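Reviewing the structure listed below.
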Amino acid sequence: MKKSKKALSLLLASLGSLSLFATSVVAAACDNTNKKLEEPKKEDPKKEEPKKDEPKKEDPKKDEPKKEDPKKEDPKQNPKDEPKEEPKKSPEERLLELNILKKEIAKKQVELEKTIKSDISKELATKILSEVKEELKKAEDALKEIESKSYLKTLKDGFNKLISSLKELEKKVESILKEKRLLELNDLKKEIAKKQKEFEKTLDDNSSDKEKAKKTLNEIKEELKKAEDALKEIGDKFYFKSLKDGFNELVTELKKLEEKAIEASK
């Protein structure tokens, strides 16, 4: 019994020591914790970040691609507008068409021949010449086609005759127009020669009148230009040859008068 009490006493003493030790440990731990809490936190100095340059605001309109106007379709490139190829005609059909054309040109040729007369006006002769050339081209184009196709051979002689007749008609009208131009140039030569005589008289009668001399000088230059232009047109054309010497003389005399008028106007 004594041993039991002693053992119990030892046990209680051990437990008491253990409890005291635990209490002291806990107290120390708490004390350390409080110290840590009380210590102020060291703040690291914040590094000032360099200010980044803000990117310039770009005008959004600059970055936007330009809107291109929708290109209008070229009507020539539009397949819808392309002329449809005409169906190929049979040799018989083309032969018939060219035969009709030959008759039409022959009819026109007769009409033009009837219109041409020696007393025809220059305007009408010019119009007829244009029509003759037009019909001649039709005939020559047809002949080219005929010569390239054997099945059109029967029309060859007819178109050849037409072309020969139209060329003769063309020469006839051109000859009429040349004659009319020859008459016009001859009349012009007479008019300039008449003016030349007037200039000579004016300069002789008013040798001391400078203003009159200046006016006459301008008129002389005008007539001189007409004579020189006519001479250029005449050139080496044989059908104008009879006028060449006359205009050369006029140009020479007018140049002399021009010098005389210049001196008188000073």
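In case it helps, mature numbering (1 follows the signal peptide of the UniProt record, and there is no 0) puts the sequence shown at residues -22 to -1, 1 to 244.
Don't be surprised by glycine CBs; every beta carbon is placed ideally from N, CA and C.
The model shown is predicted, which means the values in this text are computed figures rather than measured ones.
Chain-order list of residues whose beta-carbon lies under 6 Å from that of residue i (same chain, five-residue window excluded)
i, result
"Ser191", "Checking the displayed sequence, the identity of residue 191 turns out to be Ala instead of Ser. Only Ala239, Ala242, Ser243 meet the Cβ criterion."
"residue 252", "Shown here, the chain extends from -22 to 244; a query on residue 252 therefore has no answer."
Sequence-distant residues of the same chain with beta carbon closer than 7 Å to residue i, five excluded per side
i, result
"Asn164", "Leu221"
"Ala117", "Ile83, Phe137, Leu140, Ile141, Leu144"
"Lys199", "Glu236"
"Phe225", "Lys167, Ala205, Ala208, Leu209, Ile212"
"Glu227", "none"
"Ser185", "Ala242"
"Lys80", "Leu133, Gly136, Phe137, Leu140"
"Lys215", "none"
"Val4", "Low per-residue confidence applies at Val4: pLDDT is 44, beneath 50, and the placement is therefore not dependable, though the value from the model is reported in the following sentence. Closer than 7 Å at the Cβ level, and outside the excluded window around Val4, lies no residue."
Host alpha helix (DSSP H) of residue i (start-end)
i, result
"Thr104", "100 to 126"
"Ile78", "69 to 93"
Proximity winner among the options, relative to residue i (alpha-carbon distances)
i, options, result
"Lys115", "Tyr129, Asp135, Glu148, Leu130", "Glu148"
"Glu157", "Glu91, Asp223, Lys80, Ala103", "Ala103"
"Leu107", "Lys150, Lys168, Ala208", "Lys150"
"Ser99", "Glu152, Asp182, Leu166, Asn226", "Glu152"
"Glu70", "Ser128, Ser185, Asp97", "Ser128"
"Glu201", "Asn184, Glu189, Tyr217, Glu169", "Glu169"
"Lys219", "Leu160, Leu195, Thr194", "Leu160"
"Val88", "Asp187, Glu113, Ser126, Lys66", "Glu113"
Neighbourhood of residue i by C-beta, 8 Å cutoff - its chain only, sequence neighbours within 5 removed
i, result
"Ile94", "Ala103, Ile106, Leu147, Lys150, Val151, Ile154"
"Ile124", "Leu76, Leu130, Lys131, Leu133, Lys134, Phe137"
"Glu91", "Leu147"
Unbroken alpha helix (DSSP H) runs of length 4 or more, entirely within the segment 138 to 226: which are they?
188 to 212
Between the segment 171 to 178 and the segment 225 to 237, do three or more beta carbon pairs fall short of 8 Å?
yes
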